[in-house]
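Residue numbers (the working numbering): 1 to 358.
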């Protein structure tokens, strides 16, 4: 027998409405409450979605209708919130990055395991149909030896975006382009071809003077599987164009732009390839021109999976354990940029990277 799964959203900022719409669109999920210490913001979002409203997490965790907390707080606040949710026996979906350090991430994973609660991460780009087709082709060996795995993200964010919340101008809070926007696409490379063994990164601020963090990343990545790759990410490039994920192997090439499969060519043509070439839509906004310029369909898939995972008593499709290697790559990139030298993985936490100025 399945039960309706109640959700509470912690944080009523920019991404919260996407979570709210996604919960609303699930089968078997119900949005119960919004929580934010900023009363006006919490009241506004709760009013729009006709839910309960709380102004502290402790209050919301006492609500017996809530089974899952979606942590949509600034990046540096995820750790403490997740520990509280786990202690209260609530399942958790946290926004990316899971935390700002490996130590915090490991503590969160351990706390959720002890509490026997599900712990997923909203790196929702993984569920795009084009990405799933790429992943299947990798797993099936269609690429042969993987040679290149690249992410190109040429986006635009205005200075007003960075000034909209104090944390968006703080590297230590997780506001730089590498950990905030590019994390999704570094994660896709890690998901598709596996962990990295060496990174070399350069971070600069080319279009947002007065904001002490990087708006542009250029990085070379050597993956454990033998492939190499490039990550080019920026929020400085008006008007912003769709991200591209490119995989090249000795027997095939696949390229996704936005959520649309742009190129799908293999030496061994298969009957399903024609349908795969038509996956995705060029009309679906994916965040290139503005932080709110995206749909919530991918979020819905991830949140629906949480509903089903609880009812079926299984692991979620994107557990935080599977996203930890992405955080390690990102931290290695910051260490490389700060030290101006290549960095081999695995790495240890180094708090000095957040004080470094690009």
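Every residue, glycine too, gets a C-beta built ideally from N, C-alpha and C. Everything numeric in this text was worked out from a predicted model, so none of it was measured.
{"Asked": "Residue environment, residue 287, which counts as buried when at least 16 other CB atoms sit within 10 Å", "Found": "buried"}
{"Asked": "At least three beta-carbon pairs within less than 8 Å, the stretch 81-98 to the stretch 318-331", "Found": "yes"}
{"Asked": "Per-residue burial, residue 278 [other beta carbons within 10 Å of its own, 16 or more giving buried]", "Found": "exposed"}
{"Asked": "Test item: CB-CB of residue 233 and residue 185 under 8 Å", "Found": "yes"}
{"Asked": "Nearest-angstrom Cα separation, counted from residue 341 out to residue 124", "Found": "32 Å"}
{"Asked": "Residue span of the alpha helix (DSSP H) that contains residue 189, given as start and end", "Found": "183-193"}
{"Asked": "The stretch 165-182 touching the stretch 250-268, judged by at least three CB pairs closer than 8 Å", "Found": "no"}
{"Asked": "Start and end residues, alpha helix (DSSP H) containing residue 163", "Found": "159-163"}
{"Asked": "Host alpha helix (DSSP H) of residue 131 (start-end)", "Found": "129-139"}
{"Asked": "Which residues DSSP lists as bridging residue 156, in chain order", "Found": "236"}
{"Asked": "Contacts around residue 146, its chain only, beta-carbon distance under 6 Å, and the 5 residues preceding and following it disregarded", "Found": "193, 225, 227 and 249"}
{"Asked": "For residue 296 and residue 141, the rounded distance between their alpha carbons", "Found": "32 Å"}
{"Asked": "Selected residue, minimal CA-CA separation from residue 209, among 159, 190 and 348", "Found": "159"}
{"Asked": "Residue 252 - containing beta strand (DSSP E), residue span", "Found": "252-257"}
{"Asked": "The stretch 95-105 touching the stretch 208-222, judged by at least three CB pairs closer than 8 Å", "Found": "no"}
{"Asked": "Endpoints, the beta strand (DSSP E) within which residue 9 is located", "Found": "5-10"}
{"Asked": "CB of residue 280 within 8 Å of CB of residue 155, strictly", "Found": "no"}
{"Asked": "Simplified DSSP assignment, three categories, for residue 50", "Found": "coil"}
{"Asked": "Of the listed residues 50, 44 and 31, nearest to residue 14 (C-alpha basis)", "Found": "44"}
{"Asked": "Spatial distance of residue 197 from residue 337 (CA atoms)", "Found": "16 Å"}
{"Asked": "Test item: CB-CB of residue 8 and residue 69 under 8 Å", "Found": "yes"}
{"Asked": "C-alpha gap between residue 135 and residue 262, whole angstroms", "Found": "16 Å"}
{"Asked": "CB contact flag (residue 66, residue 117, <8 Å)", "Found": "no"}
{"Asked": "Contact set for residue 2: own chain, Cβ-Cβ below 8 Å, skip 5 residues either direction", "Found": "28 and 311"}
{"Asked": "Secondary structure of residue 216, DSSP reduced to three states", "Found": "strand"}
{"Asked": "Boundaries of the beta strand (DSSP E) in which residue 200 is found, first to last residue", "Found": "196-204"}
{"Asked": "Alpha carbon of residue 171 to alpha carbon of residue 90, nearest angstrom", "Found": "30 Å"}
{"Asked": "Buried/exposed call for residue 346, threshold 16 Cβ in 10 Å", "Found": "exposed"}
{"Asked": "Where the alpha helix (DSSP H) through residue 306 begins and ends", "Found": "297-312"}
{"Asked": "Backbone CA spacing between residue 303 and residue 93 [nearest angstrom]", "Found": "8 Å"}
{"Asked": "Neighbourhood of residue 282 by C-beta, 6 Å cutoff - its chain only, sequence neighbours within 5 removed", "Found": "260"}
{"Asked": "Range of the contiguous beta strand (DSSP E) that encloses residue 353", "Found": "Per DSSP, residue 353 belongs to no beta strand (DSSP E) and is neither H nor E."}
{"Asked": "Buried or exposed (CB count within 10 angstroms, at least 16 for buried), residue 238", "Found": "exposed"}
{"Asked": "Selection from 222, 10 and 19 that minimises the alpha carbon distance to residue 299", "Found": "19"}
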